[in-house]
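Participant: Please see the structure below; I have some questions.
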Amino acid sequence: MKPTFHHRTVNGPFEDPVVYLRLLREKRALLFDAGDIGRLSAGEIHKITDVFVTHTHIDHFIGFDRLLRVILK
Numbered sequence: 122m123k124p125t126f127h128h129r130t131v132n133g134p135f136e137d138p139v140v141y142l143r144l145l146r147e148k149r150a151l152l153f154d155a156g157d158i159g160r161l162s163a164g165e166i167h168k169i170t171d172v173f174v175t176h177t178h179i180d181h182f183i184g185f186d187r188l189l190r191v192i193l194k
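First residue of the sequence shown? That's 122 in this note's numbering, and the numbers climb one at a time after it.
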């Protein structure tokens, strides 16, 4: 059975939370929390179709601005 998704934590354990989940068969990605997303490439960001923010602490959505700027460029 082939995997249907690949996930990774973008930052280290003491940095802003970001989980990038790529759906392999659909060629899109999900983002769980949008902390510091500076380690994601523009190509990875363009694959994101949905963003889930677990709660409204600033470290869980501080990267939303960068996300919008890259997508709207």
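Here a beta-carbon is modelled for each residue, glycine too, at the ideal position from N, C-alpha and C.
Going by DSSP, what residue range makes up the beta strand (DSSP E) through Val191?
Facilitator: Per DSSP, Val191 belongs to no beta strand (DSSP E); it is in the alpha helix (DSSP H), Phe185 to Leu193.
Participant: Below 8 Å between beta carbons: does that hold for Arg143 and Lys123?
Facilitator: Result no, Cβ atoms of Arg143 and Lys123 do not sit closer than 8 Å.
Participant: In whole angstroms, what is the alpha-carbon distance linking Phe126 and Val172?
Facilitator: Roughly 16 Å separates the two Cα atoms.
Participant: Taking all protein chains shown into account, do 16 or more other C-beta atoms lie within 10 angstroms of the C-beta of His178, making it buried, or fewer, making it exposed?
Facilitator: Its Cβ having fewer than 16 others within 10 Å, His178 is exposed.
Participant: Excluding sequence positions up to five away, which residues of its chain have a Cβ less than 7 Å from the Cβ of Ile192?
Facilitator: So the list reads Ile166 and His167, once near-sequence residues are dropped.
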